[in-house]
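Let me begin by presenting the structure, written as structure tokens, before commenting on it.
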Amino acid sequence: MSFRNAWIITQKEFSIIRLRKSLIYFYVVLPLALSIGLPLLVWHVINGASIKATDIHYISGLLNAFEFFFAIIAVILASYTAAYSIVGEKIQKSLEPLLATPISDGEIILGKSLSAFIPSFIAVVLGNLIYMTLMDKITYSILGYSYYPNLSTAIVLLLLVPFGIILSIEISTMSSSRVSDPRSAYQLSMAGFIPFFIVYVLTEISVISLTSTTLLIIAGVVAVADVLMYPLVIRTFSREMILTSWK
Amino acid sequence: MIYVDGLTKTFGGFAAVDGLTFQVKDGEIFGLLGPNGAGKTTTIRMLACLISKTSGDARIDDFSISNKEDSFKIRSIIGLVAENVGLYEELSAYKNIDFYGKLYGIPENQRKENTKHLLEELGLWGVKDRPVGTFSKGMKQKVAIARALSHDPKILFLDEPTANLDPEAAKVVRDSILNLKNEGKTIIVNTHNLDEAQRICNTIGILKTKLIAIGSPEHLKESLQSDKTVIDLEEVTDRIVAAIKAVSSAQFEIDGRRLVIYVKDPQTENPVLIKAITSVGGNVIAVSQVSPTMEEVYLKAVREKR
Chain X
8 MSFRNAWIIT
18 QKEFSIIRLR
28 KSLIYFYVVL
38 PLALSIGLPL
48 LVWHVINGAS
58 IKATDIHYIS
68 GLLNAFEFFF
78 AIIAVILASY
88 TAAYSIVGEK
98 IQKSLEPLLA
108 TPISDGEIIL
118 GKSLSAFIPS
128 FIAVVLGNLI
138 YMTLMDKITY
148 SILGYSYYPN
158 LSTAIVLLLL
168 VPFGIILSIE
178 ISTMSSSRVS
188 DPRSAYQLSM
198 AGFIPFFIVY
208 VLTEISVISL
218 TSTTLLIIAG
228 VVAVADVLMY
238 PLVIRTFSRE
248 MILTSWK
Chain V
52 MIYVDGLTKT
62 FGGFAAVDGL
72 TFQVKDGEIF
82 GLLGPNGAGK
92 TTTIRMLACL
102 ISKTSGDARI
112 DDFSISNKED
122 SFKIRSIIGL
132 VAENVGLYEE
142 LSAYKNIDFY
152 GKLYGIPENQ
162 RKENTKHLLE
172 ELGLWGVKDR
182 PVGTFSKGMK
192 QKVAIARALS
202 HDPKILFLDE
212 PTANLDPEAA
222 KVVRDSILNL
232 KNEGKTIIVN
242 THNLDEAQRI
252 CNTIGILKTK
262 LIAIGSPEHL
272 KESLQSDKTV
282 IDLEEVTDRI
292 VAAIKAVSSA
302 QFEIDGRRLV
312 IYVKDPQTEN
322 PVLIKAITSV
332 GGNVIAVSQV
342 SPTMEEVYLK
352 AVREKR
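Order-wise, the sequence lines are chains X and V. Quick note: the first sequence, position 181, residue 188 per this note's numbering, numbers continuous. Quick note: the second sequence, position 221, residue 272 per this note's numbering, numbers continuous.
In structure tokens, the structure reads:
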């Protein structure tokens with residue numbers, strides 16, 4: 008496996024992403040909406056009601072749940088990009104000439120995965136930095152200390168987000184082989200979003216709380232899912248399958 | 052040199068290509084001619100190491116398509132123009148070609164030089180920065196050819212290179228293929244354009260899952276279809292028909308006052324036939340000789356295999 012070859016594919020994908028305005032807006036608008044919207048919501052909660060000492064616990068619970076949102080949008084962003092990247096090649100029928108070059112299937116999938124991983128990760132991290140800064144400013148007077156950064160943030164950004172992105176890319180790759188338009192691929196690949204959504208719902212109904220331990224367990228489960236899905240992805244993205252079985 | 056030996060591909064028990072054996076010499080254009088579903092694209096895909104073969108083998112410049120290591124070497128010395136051009140529509144012509152140059156590991160300076168040379172040669176240098184999505188089909192096909200040549204391959208596989216092109220664009224592409232032949236490239240071209248195959252190919256293989264005929268266009272015409280002698284008469288009578296049957300075993304058809312006789316050797320057979328017709332009172336108005344068209348040769352070969 009040559010990283011150089013994979014990186015050439017990634018650079019080509021970046022050139023195309025730069026020309027697709029819908030993707031750029033998606034990368035800017037979604038993280039920005041969260042990073043500004045959530046602090047505004049908390050600001051409204053704090054200023055709209057008289058916060059008692061017991062409410063401090065409520066605020067910190069809210070912040071943990073909000074942090075989890077960034078893992079969810081990482082999955083959404085990566086699914087969108089990966090679906091466009093692979094189905095785009097299918098629509099333009101550009102995989103056949105690409106496969107005729109001295110490049111391996113693994114290098115193509117790595118290149119495409121990096122092109123979905125890097126911008127999604129960067130967008131989420133930058134969005135999270137803005138979010139943490141604003142949230143600390145808003146909650147400092149109530150909490151008496153800067154809530155962010157903390158261990159939960161590190162687990163979300165360094166483990167859950169990357170593992171979640173990998174899972175969504177894997178699901179996108181597999182679903183892209185079954186459909187021939189990016190929207191359908193994106194909708195199918197949103198299956199990767201469902202487990203994250205379930206976790207969020209469970210926190211809302213107080214079945215689980217998003218402590219550092221819980222986040223670490225969730226990240227571990229997602230990592231295991233990544234590993235288990237990898238052979239399936241490699242099998243789906245083999246040149247023989249692409250040219251003879253893909254719809 | 053390309054050696055293909057008993058190459059077979061089956062999909063779930065159905066043979067798409069069955070026991071293909073042929074050779075292509077260096078600098079030659081080999082045409083694979085056949086109806087839709089004959090296995091032309093599957094053959095090219097196997098030779099380009101895009102899909103695996105079920106049995107048999109092929110050696111391309113001494114590398115075997117059966118060997119995984121060799122398959123990378125094969126892919127580095129071939130260029131492929133697939134049936135669908137498969138260009139990145141958002142990217143410019145220059146970027147499309149440059150991307151492939153990078154994949155073949157060509158240094159930047161040489162890549163720039165090659166890309167410029169190719170785009171100039173194909174008349175696309177003036178539009179090099181335009182997204183290929185805005186190009187006509189002919190222009191896209193030229194970009195696809197330039198892309199396949201970005202690493203100066205020894206061997207080219209062209210899958211229906213002029214399909215869906217208007218006559219003018221098809222001629223430009225055909226001329227480009229002939230130029231490549233003059234540069235010494237070995238080319239395998241899939242086509243069902245018989246006229247095109249006759250014009251550009253040194254050797255033609257007629258494929259219908261199996262290779263049912265192979266040879267130069269002239270050889271195929273000779274071996275598969277006789278020349279036609281067309282004799283226009285004042286009247287075709289039973290006596291004339293009997294006279295022809297008496298002197299020749301050639302097949303013939305009667306079309307009104309016209310006799311179409313399939314002769315093997317016109318120079319020897321025609322005088323005998325004319326003499327026989329006139330000897331029974333036939334009045335010959337005109338005699339013409341018609342060589343079989345590639346279409347007739349092709350249809351005969353394909354129909355005989357049904």
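Beta carbons are placed, not taken as given, at the ideal position from N, Cα and C, and that holds for glycine.
1) Skipping 5 residues on each side, what residues in its chain have a beta carbon closer than 8 angstroms to that of residue 153(X)?
2) Mind listing the chain V neighbours of residue 15(X)? Cutoff is C-beta to C-beta under 8 angstroms, in chain order.
3) Please list, in chain order, the chain V residues whose beta carbon lies closer than 7 angstroms to that of residue 189(X).
4) Along the region 101-117 of chain X, what residues have a CB closer than 9 angstroms to any CB found in chain A?
5) Which whole runs of the alpha helix (DSSP H) in the region 274-323 of chain V are 4 residues long or more, in chain order?
6) Contact defined as beta carbons within less than 8 angstroms: I believe residue 127(X) pairs with residue 172(X). What is the distance between those atoms, to the nearest angstrom?
7) Do the CB positions of residue 312(V) and residue 280(V) come within less than 7 angstroms of each other?
8) In chain order, what residues of the same chain have a beta carbon less than 7 angstroms from the beta carbon of residue 114(V), not counting five sequence neighbours either side?
9) Count the other CB atoms, across all protein chains shown, that sit within 10 Å of the CB of residue 270(V); report buried if there are 16 or more and exposed otherwise.
10) Compare the C-beta of residue 20(X) with all C-beta atoms of chain V and state if any pair is closer than 7 angstroms.
11) Name the chain X residues whose beta carbon is nearer than 8 angstroms to that of residue 103(V)?
12) With DSSP run on the structure shown, which of helix, strand or coil describes residue 359(V)?
13) Can you tell me where the alpha helix (DSSP H) holding residue 233(X) begins and where it ends?
14) When the Cα atoms are used, what is the spatial distance from residue 165(X) to residue 217(X)?
15) Once you ignore the five residues that flank residue 301(V) on each side, which residues in its own chain have a CB closer than 6 angstroms to its CB?
16) Between 134(V), 84(V), 344(V) and 333(V), which has its C-alpha nearest residue 215(V)'s C-alpha?
17) Give the interface partners of residue 129(V) over in chain X, defined as CB-CB distance under 8 angstroms, in chain order.
18) Can you pull the chain X residues whose beta carbon is under 9 angstroms from the beta carbon of residue 137(V), in chain order?
19) For residue 179(V), which residues of its own chain have a beta-carbon under 6 angstroms away from its beta-carbon, when the five flanking residues on both sides are left out?
20) For chain X, find out if any of its Cβ atoms is closer than 7 angstroms to the Cβ of residue 144(V); answer yes or no.
21) What are the residues of the region 60-84 of chain V that lie near chain X, defined by any Cβ-Cβ distance shorter than 9 angstroms?
22) Check for me: the alpha helix (DSSP H) holding residue 34(X) runs from which residue to which?
23) Three or more C-beta pairs under 8 angstroms: does that hold for the region 217-228 of chain X against the region 116-135 of chain X?
24) Would you say residue 23(X) reaches chain V, if we count a Cβ-Cβ gap shorter than 7 angstroms as a contact?
25) Measuring CB atoms only, is the region 149-166 of chain V touching the region 207-221 of chain V, in the sense that at least three cross pairs come out at less than 8 angstroms?
26) Under 8 angstroms: do the region 197-211 of chain X and the region 74-87 of chain X share three or more Cβ pairs, one atom per stretch?
27) Can you tell me the Cβ-Cβ gap for residue 196(V) and residue 224(V), rounded? I've got them flagged as a contact below 8 angstroms.
28) Would you mind working out which of 75(X), 45(X) and 48(X) sits nearest residue 167(X), comparing C-alpha positions?
29) Answer yes or no: do residue 79(X) and residue 203(X) have a C-beta to C-beta separation smaller than 7 angstroms?
30) How about residue 26(X): is its C-beta nearer than 7 angstroms to some C-beta of chain V?
31) Look up residue 256(V) in the DSSP assignment and give the residues it is bridged to.
32) Please look up how many angstroms separate the CB atoms of residue 76(V) and residue 52(V), rounded, as I've assumed it's under 8 angstroms.
33) Does DSSP classify residue 110(V) as helix, strand or coil?
34) For residue 66(X), is the beta carbon positioned less than 6 angstroms from some heavy atom of the ligand SAH?
35) I need the boundaries of the beta strand (DSSP E) containing residue 215(V), first residue and last residue.
36) Does the region 230-245 of chain V come close enough to the region 62-77 of chain V that 3 or more CB-CB pairs lie under 8 angstroms?
This is what the structure gives:
1) In the first sequence, residue 153(X) corresponds to position 146, counting from 1. The answer, listed in chain order, is 143 and 147.
2) Numbered from its first residue, the first sequence carries residue 15(X) at position 8. In chain order, 150, 153 and 154 make up the part of chain V whose C-beta sits under 8 angstroms from the C-beta of residue 15(X).
3) Residue numbering aside, residue 189(X) sits at position 182 when the first sequence is read from its first letter. Here the premise fails: no neighbours, minimum Cβ distance about 13 angstroms.
4) In summary, chain A is missing from the structure at hand, where the protein chains are X and V.
5) Fully enclosed alpha helix (DSSP H) runs of 4 or longer: 289-298.
6) Numbered from its first residue, the first sequence carries residue 127(X) at position 120. Numbered from its first residue, the first sequence carries residue 172(X) at position 165. Indeed they touch by this definition, with Cβ atoms about 5 angstroms apart.
7) For this step, residue 312(V) is matched to residue 261 along the second sequence. For this step, residue 280(V) is matched to residue 229 along the second sequence. Cβ atoms of residue 312(V) and residue 280(V): closer than 7 angstroms.
8) The residue labelled residue 114(V) in the question sits at position 63 within the second sequence. For residue 114(V), where only same-chain residues beyond five positions count, the Cβ hits under 7 angstroms are 121, 124 and 125.
9) Along the second sequence, one-based indexing puts residue 270(V) at 219. Counting of Cβ neighbours within 10 angstroms places residue 270(V) among the exposed residues, the total staying below 16.
10) Here the question's residue 20(X) lines up with position 13 in the first sequence. So, not an interface residue.
11) Against the second sequence, residue 103(V) aligns to sequence position 52. Proximity of chain X to residue 103(V) at the Cβ level (cut-off 8 angstroms) is accounted for by 247, in chain order.
12) Outside the displayed range of chain V (52 to 357) lies residue 359(V), so it cannot be described from this structure.
13) Here the question's residue 233(X) lines up with position 226 in the first sequence. Per DSSP, residue 233(X) belongs to the alpha helix (DSSP H) from 219-243.
14) Position 158 of the first sequence, counted from the start, is the residue given in the question as residue 165(X). Position 210 of the first sequence, counted from the start, is the residue given in the question as residue 217(X). Answer to the nearest angstrom: the Cα atoms are 16 angstroms apart.
15) Looking up residue 301(V) in the second sequence gives position 250. A distance below 6 angstroms between beta-carbons, with the five flanking residues on each side excluded, links residue 301(V) to the following residues of its chain, in chain order: 312, 313 and 314.
16) The sequence position of residue 215(V) within the second sequence is 164, counting from 1. When C-alpha distances from residue 215(V) are compared across 134(V), 84(V), 344(V) and 333(V), the shortest belongs to 134(V).
17) Against the second sequence, residue 129(V) aligns to sequence position 78. What residue 129(V) touches in chain X: 107.
18) For the purposes of this step, residue 137(V) is taken as the residue at position 86 of the second sequence. What residue 137(V) touches in chain X: 96, 99, 100, 101, 102, 103, 104 and 105.
19) The count along the second sequence starts at 1 and reaches residue 179(V) at position 128. Cβ neighbours of residue 179(V) beyond the five flanking positions: 144, 145 and 170.
20) For this step, residue 144(V) is matched to residue 93 along the second sequence. So, not an interface residue.
21) Answer in chain order: 62.
22) Walking along the first sequence from the start, residue 34(X) turns up at place 27. It spans 28-55 - the alpha helix (DSSP H) in which residue 34(X) sits, taken as one unbroken run.
23) As far as the Cβ criterion goes, the region 217-228 of chain X does not touch the region 116-135 of chain X, which means the pair count is below three.
24) Within the first sequence, numbered from 1, the residue matching residue 23(X) stands at position 16. Put simply, the CB of residue 23(X) is near chain V, with a gap under 7 angstroms to one of its CB atoms.
25) Verdict: no, contact absent.
26) Yes, the region 197-211 of chain X touches the region 74-87 of chain X.
27) Against the second sequence, residue 196(V) aligns to sequence position 145. Against the second sequence, residue 224(V) aligns to sequence position 173. The beta-carbon separation of residue 196(V) and residue 224(V), rounded to 7 angstroms, stays under the 8 angstroms limit for a contact.
28) Numbered from 1 along the first sequence, position 160 holds the residue referred to as residue 167(X). For the residues 75(X), 45(X) and 48(X), the minimum Cα distance to residue 167(X) belongs to 75(X).
29) Working through the first sequence from its first residue, we reach residue 79(X) at position 72. Working through the first sequence from its first residue, we reach residue 203(X) at position 196. With respect to the 7 angstroms criterion, residue 79(X) and residue 203(X) are classified as neighbours on the basis of their beta carbons.
30) The sequence position of residue 26(X) within the first sequence is 19, counting from 1. Interface residue, yes.
31) As a working mapping, residue 256(V) is identified with position 205 in the second sequence. Beta-bridge pairing links residue 256(V) to 83(V) and 265(V).
32) Here residue 76(V) refers to the residue found at position 25 of the second sequence. Here residue 52(V) refers to the residue found at position 1 of the second sequence. At roughly 6 angstroms, the Cβ-Cβ gap stays under 8 angstroms, so residue 76(V) and residue 52(V) are in contact.
33) Here residue 110(V) refers to the residue found at position 59 when the second sequence is read from its first residue. The answer is strand: DSSP assigns residue 110(V) an E or B state.
34) Among the ligands in the structure shown, none appear at all, so the ligand SAH cannot be discussed.
35) Along the second sequence, read from residue 1 onward, the residue named residue 215(V) stands at position 164. Run containing residue 215(V): none; DSSP gives neither H nor E here.
36) Contact holds: three or more Cβ-Cβ distances are below 8 angstroms.
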